[in-house]
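Structure, as structure tokens:
2 protein chains.
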Amino acid sequence: MNLDRQTDSAAGENSTAASPPLDPRLKRAITRGMAKNAKPKEIIVTPPARRSGLQDIASQLGVSLSLVSKVLNNRLGTTGASQAMVKAIHEKAAELKYQKNATATSLATGKQSAIGVFMHSYGVAGSNIAASLVEGIAAASARLHQRLMLQYFKSIPELSHTLPLVHRNVVDGLILGGVPHRELLAELRQTHRDLLFVTVHSGQDRGEYVNIGVDQPEILRIATKHLIERGCRRIACVNVPSESFRVLGYKAALKESGIPYDPAIVFPGESYYSVTGEKAAAHWLERGYQFDGVVGQSDQHVAGVVKVLMNAGIKIPEQVKLIGVDNSPFCDFFVIPLSSVSQEDFRRGELAVETLLDAIEGKPVKSVNVQPVVYARRSSL
Amino acid sequence: MNLDRQTDSAAGENSTAASPPLDPRLKRAITRGMAKNAKPKEIIVTPPARRSGLQDIASQLGVSLSLVSKVLNNRLGTTGASQAMVKAIHEKAAELKYQKNATATSLATGKQSAIGVFMHSYGVAGSNIAASLVEGIAAASARLHQRLMLQYFKSIPELSHTLPLVHRNVVDGLILGGVPHRELLAELRQTHRDLLFVTVHSGQDRGEYVNIGVDQPEILRIATKHLIERGCRRIACVNVPSESFRVLGYKAALKESGIPYDPAIVFPGESYYSVTGEKAAAHWLERGYQFDGVVGQSDQHVAGVVKVLMNAGIKIPEQVKLIGVDNSPFCDFFVIPLSSVSQEDFRRGELAVETLLDAIEGKPVKSVNVQPVVYARRSSL
DNA sequence: TAAATTTTATCAAGCGCTTGACATTTGGAA
DNA sequence: TTCCAAATGTCAAGCGCTTGATAAAATTTA
Numbered sequence: 001m002n003l004d005r006q007t008d009s010a011a012g013e014n015s016t017a018a019s020p021p022l023d024p025r026l027k028r029a030i031t032r033g034m035a036k037n038a039k040p041k042e043i044i045v046t047p048p049a050r051r052s053g054l055q056d057i058a059s060q061l062g063v064s065l066s067l068v069s070k071v072l073n074n075r076l077g078t079t080g081a082s083q084a085m086v087k088a089i090h091e092k093a094a095e096l097k098y099q100k101n102a103t104a105t106s107l108a109t110g111k112q113s114a115i116g117v118f119m120h121s122y123g124v125a126g127s128n129i130a131a132s133l134v135e136g137i138a139a140a141s142a143r144l145h146q147r148l149m150l151q152y153f154k155s156i157p158e159l160s161h162t163l164p165l166v167h168r169n170v171v172d173g174l175i176l177g178g179v180p181h182r183e184l185l186a187e188l189r190q191t192h193r194d195l196l197f198v199t200v201h202s203g204q205d206r207g208e209y210v211n212i213g214v215d216q217p218e219i220l221r222i223a224t225k226h227l228i229e230r231g232c233r234r235i236a237c238v239n240v241p242s243e244s245f246r247v248l249g250y251k252a253a254l255k256e257s258g259i260p261y262d263p264a265i266v267f268p269g270e271s272y273y274s275v276t277g278e279k280a281a282a283h284w285l286e287r288g289y290q291f292d293g294v295v296g297q298s299d300q301h302v303a304g305v306v307k308v309l310m311n312a313g314i315k316i317p318e319q320v321k322l323i324g325v326d327n328s329p330f331c332d333f334f335v336i337p338l339s340s341v342s343q344e345d346f347r348r349g350e351l352a353v354e355t356l357l358d359a360i361e362g363k364p365v366k367s368v369n370v371q372p373v374v375y376a377r378r379s380s381l
Numbered sequence: 382m383n384l385d386r387q388t389d390s391a392a393g394e395n396s397t398a399a400s401p402p403l404d405p406r407l408k409r410a411i412t413r414g415m416a417k418n419a420k421p422k423e424i425i426v427t428p429p430a431r432r433s434g435l436q437d438i439a440s441q442l443g444v445s446l447s448l449v450s451k452v453l454n455n456r457l458g459t460t461g462a463s464q465a466m467v468k469a470i471h472e473k474a475a476e477l478k479y480q481k482n483a484t485a486t487s488l489a490t491g492k493q494s495a496i497g498v499f500m501h502s503y504g505v506a507g508s509n510i511a512a513s514l515v516e517g518i519a520a521a522s523a524r525l526h527q528r529l530m531l532q533y534f535k536s537i538p539e540l541s542h543t544l545p546l547v548h549r550n551v552v553d554g555l556i557l558g559g560v561p562h563r564e565l566l567a568e569l570r571q572t573h574r575d576l577l578f579v580t581v582h583s584g585q586d587r588g589e590y591v592n593i594g595v596d597q598p599e600i601l602r603i604a605t606k607h608l609i610e611r612g613c614r615r616i617a618c619v620n621v622p623s624e625s626f627r628v629l630g631y632k633a634a635l636k637e638s639g640i641p642y643d644p645a646i647v648f649p650g651e652s653y654y655s656v657t658g659e660k661a662a663a664h665w666l667e668r669g670y671q672f673d674g675v676v677g678q679s680d681q682h683v684a685g686v687v688k689v690l691m692n693a694g695i696k697i698p699e700q701v702k703l704i705g706v707d708n709s710p711f712c713d714f715f716v717i718p719l720s721s722v723s724q725e726d727f728r729r730g731e732l733a734v735e736t737l738l739d740a741i742e743g744k745p746v747k748s749v750n751v752q753p754v755v756y757a758r759r760s761s762l
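The listed protein sequences derive, respectively, from chains A and B.
Position 242 of the first sequence, counting from 1, maps to 242 under this note's numbering, and the rest follow consecutively.
If you want this note's numbering, it's the 1-based position in the second sequence plus 381.
Right under this line is the structure:
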């Protein structure tokens, strides 16, 4: 329902105060098929202004098209051009607002100057890993003058189905986000032997593909160390089945500080969601287990733990300090601002682009494991 | 561009102990320019497997290239083809794994089958509006067989700078996310008269451009009504300067229920962040203002209010019920799960694509205002 | 059976740009 | 002055596909 709106012309009513009268030309443009409530008969179809091409600037200057092309691309190989000519061409190009037709260029060169991104919309809601990854990729590809073709997928079949259809002959390479699915990758290599791709996942790197990952044990190692440095001596851990590798870092940190490892306070949860954190905390509390620190496998874990601890009257961070993983946006404004270890997703996105481009240029490339970073907030200070 | 290796050592070295021995063929594929620590001198450049084109299937069948094109595109205008021929062509295409070169098609037809997205990375961190919008856009464009070119921008100058460069001749139209910047849009219309675009912002729709928005007053109206229906009679409001339009809905809801409007409990905050919510709650508490409900302009507002109220020993939702806007991911696992009104971002993304495609096809299109939806959680039950 | 259709298929001109091969001009060096 | 490199520029083929015009073969109709 629309409030305070006259029944006659809604648009007019809403724009009166601030909006100046419309330029008639603008008005016409608006009508071009895009107007509100446009009545077909009122639409004026103005032929699109012919876009100027190389030919236009060539003939207006009385030179050959190819010269113009070479000058504009700085590709005067054997050709060469006088200073004056170069200047004139550039000026003419500017005057005619020449914009090269990227499609034609691609056809001629076989290069697309575009990369494709297939992103698995994975991760726990709230941890905008995928979003950060994409933003990092977008930033780097803009910086490196690459167009970016994006597609999300929910399931592996969906990916293998759409991947070849969408991207053949349109991108120079692919970034696969969150796809540690080995069979799919192997198949991709078989069926599309000339398809270049790099993966971006935080699973274990087996060295089979070029991946932009994170040093997983290091995540929990620096998280645990962070708590130890702030005085914790009994550090509980919320775990999930798939993170046995990462948890090595937890054990390593304990060992480094001579703190014994106690499996009793490592809770075997089953998800990255906050409910698992709640269960863990409840479990420890019920049994009377002592702990002065908690590391989770996600920020949601920690959020869940915090909820239960607060309800039990435990002071945070005075009695228990906590730290999670992902550095999710909500860490900043949770009841207690949450400390967290970042997997540097944005940066990994950028690296993925840079790596892929190197591969496209034929340079040898290799996997990289980014160093995680601790973001300390109140929950652990 | 197939990079193959003389020595077979490197890939093997890099596989961890955990990984099974590699299939030699796979191993070769892995080394293809992407191997860890690949040494340039060892790389052999094998020409990429030539991809089969229309010509290949034409000559293998002894027919003309154009026939094949028409058959595969179902464009037998005046042409026609026998059943047998059609069948043979399709079979041959399948046999050769023919994939049309989309670039060549675009050049020939002038159609790109691609849409561009320029997304303002706006909004409060944690409310993944932009991400949902993009996902909705991606879903719809995949469904409608459109490629999707994405770019983010932080500032208007950045947008106006990169927009023409990146997207000319590469997309059929543009979706501008979160750009209620009228001057820019007007300029866009002037300088690129043949550029089709639709905006997706939740600002006020002035009817000048086709926008996929949200009925703003309705957001607060249903939020407020939601609280009233659950027994609230003194409903406070955290506001920000730019939301005077939306707040009309708050007033309307009060009026509908015969509740007097009291400006004293409408806090004039300055941001959508949680700190503004904290300030509002502190302000009301200090002055001893009574209220049994709170509506915020964001979920962060509500998060901030909750923090302060809990610290003051106020029971939620028993003494005060709250509802925010955006239905952010963290609403689900905040200390008190937060009720919220969704702006249906994913859906708006889909609508944007559908609308743009209509416009591209020359159909008349108009703005649409999506209806917001209440998601009730514990904070208001 | 010849003429008129209908069906089936080919031709050839692009789309706008790139690029190696070839042509012309110019300024010295001989 | 003559000749040879530079320096400066043009040619033309081609990237892979689309499409209206045209041709040839098959089928009807009279």
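Idealized CB from N, CA, C, for every residue including glycine.
Quantities reported herein were computed from a predicted structural model and do not represent experimental measurements.
Exercise. What do you get for P317(A), buried or exposed, if any count of 16 or more other CB atoms within 10 angstroms of its CB means buried?
Worked result: It counts as buried.
Exercise. Which one of A733(B), H682(B) and T580(B) has the shortest CA to CA distance from L719(B)?
Worked result: Closest by alpha carbon: H682(B).
For this session: Assign V370(A) to one of three DSSP states: helix, strand, or coil.
Result: V370(A) falls in the strand class under three-state DSSP.
Exercise. Smallest Cα separation from F265(A): which of K251(A), R189(A), H226(A) and V275(A)?
Worked result: Per the sequence presented here, residue 265(A) reads as Ile, with Phe not at that position. The option with the nearest alpha carbon to I265(A) is K251(A).
For this session: Pick helix, strand or coil for A506(B), following the three-state DSSP scheme.
Result: DSSP places A506(B) in the coil class of the three-state scheme, outside both helix and strand.
Exercise. Using a Cβ-Cβ cut-off of 8 Å (strictly less than) and excluding sequence neighbours within five positions of K366(A), which residues of its own chain qualify?
Worked result: Around K366(A): V210.
For this session: Using beta-carbon positions only, say whether R182(A) and P217(A) come within less than 7 Å of one another.
Result: With contacts defined as CB atoms closer than 7 Å, R182(A) and P217(A) fail to qualify as a contacting pair.
Exercise. Is there at least one Cβ from chain B nearer than 7 Å to E135(A)'s Cβ?
Worked result: It does; some Cβ of chain B falls within 7 Å.
For this session: Show which residues of chain B have a CB atom less than 7 Å away from the CB atom of L150(A).
Result: Identification of chain B residues near L150(A) by a Cβ-Cβ cut-off of 7 Å yields A519, L529 and L531, ordered along the chain.
Problem set entry | Of the listed residues F727(B), V552(B), D673(B) and P538(B), nearest to G612(B) (C-alpha basis) | Ranked by how close their Cα comes to the Cα of G612(B), the residues F727(B), V552(B), D673(B) and P538(B) have D673(B) in first place.
Exercise. With 16 other CB atoms within 10 Å as the buried threshold, where does I156(A) fall?
Worked result: I156(A) is exposed by the Cβ-count criterion.
Exercise. Which runs of the beta strand (DSSP E), 3 residues or longer, sit entirely within the region 75–137 of chain A?
Worked result: For the region 75–137 of chain A, the full-length beta strand (DSSP E) segments reaching 3 residues or more read 114–120 along the chain.
Problem set entry | Beta carbon of Q493(B) nearer than 7 Å to that of A142(A) | Contact flag unset, no.
Problem set entry | Residue nearest to A130(A) in terms of C-alpha spacing, selected from K154(A), S380(A) and G249(A) | The alpha carbon of A130(A) has as its nearest neighbour, out of K154(A), S380(A) and G249(A), the alpha carbon of K154(A).
For this session: Could you name the residues that DSSP lists as bridge partners for Y152(A)?
Result: Bridge partners of Y152(A) according to DSSP: M119(A).
Exercise. Alpha carbon to alpha carbon, what distance is there between S655(B) and S202(A)?
Worked result: Rounded to the nearest angstrom, the two C-alpha atoms are 31 Å apart.
Exercise. Do you know offhand how far R347(A)'s Cα is from V341(A)'s?
Worked result: Their Cα atoms are separated by approximately 14 Å.
Exercise. Checking contacts by CB at 7 Å: is N620(B) closer than that to chain A?
Worked result: Not an interface residue.
For this session: Measure from the C-beta of N128(A) to each C-beta in chain B and report whether the shortest distance is under 7 Å.
Result: Answer yes: the Cβ-Cβ gap between N128(A) and chain B drops below 7 Å somewhere.
Problem set entry | Limits of the unbroken beta strand (DSSP E) element including V321(A) | It is worth fixing the name first, because residue 321(A) is Lys in this sequence and not Val. Counting along the chain, the beta strand (DSSP E) containing K321(A) begins and ends at K321 to V325.
Problem set entry | Proximal residues to V444(B) (C-beta, below 8 Å), its chain only, five neighbours per side dropped | So the qualifying residues of the chain are M466 and I470.
Exercise. Would DSSP call V240(A) helix, strand or coil?
Worked result: In the structure shown, V240(A) sits in coil (DSSP, three-state: anything other than H, G, I, E or B).
Exercise. Among all the DSSP beta bridges, which residues are the ones paired with F267(A)?
Worked result: In the DSSP assignment, F267(A) is bridged to V238(A).
Exercise. Can you pull the DSSP bridge partners for I316(A)?
Worked result: The partner list for I316(A) (beta bridge, DSSP) is empty, contrary to what the question assumes.
Problem set entry | Contacting residues, own chain, Cβ-Cβ under 6 Å from V734(B) (five flanking each side not counted) | Around V734(B), the same chain offers I518, A521 and S522 as residues with beta carbons nearer than 6 Å, after the five sequence neighbours per side are excluded.
Exercise. I219(A) lies in the alpha helix (DSSP H); which residues open and close that run?
Worked result: For I219(A), the uninterrupted alpha helix (DSSP H) segment begins and ends at Q216 to E229.
For this session: Could you tell me the distance, in whole angstroms, from the CA atom of Q146(A) to the CA atom of Y653(B)?
Result: Going by the C-alpha atoms only, they are around 34 Å apart.
Exercise. How is I593(B) classed by DSSP in three states: helix, strand or coil?
Worked result: I593(B) falls in the strand class under three-state DSSP.
For this session: For N692(B), count neighbouring Cβ atoms within 10 angstroms of its own Cβ and tell me buried if that reaches 16, exposed if not.
Result: It counts as exposed.
Exercise. In this structure, what does DSSP give as the bridge partners for V676(B)?
Worked result: According to DSSP, V676(B) bridges with C618(B) and I704(B).
Exercise. Whose C-beta lies closer than 8 Å to the C-beta of A663(B) among residues of the same chain, with five residues either side of it excluded?
Worked result: Annotation for A663(B): V689 place their beta carbon closer than 8 Å to its own, counting only its chain and skipping 5 residues before and after.
For this session: Under 8 Å Cβ to Cβ from K606(B), same chain only, skipping five residues before and after it: list those, please.
Result: Answer for K606(B): A634, E637 and S638, listed in chain order.
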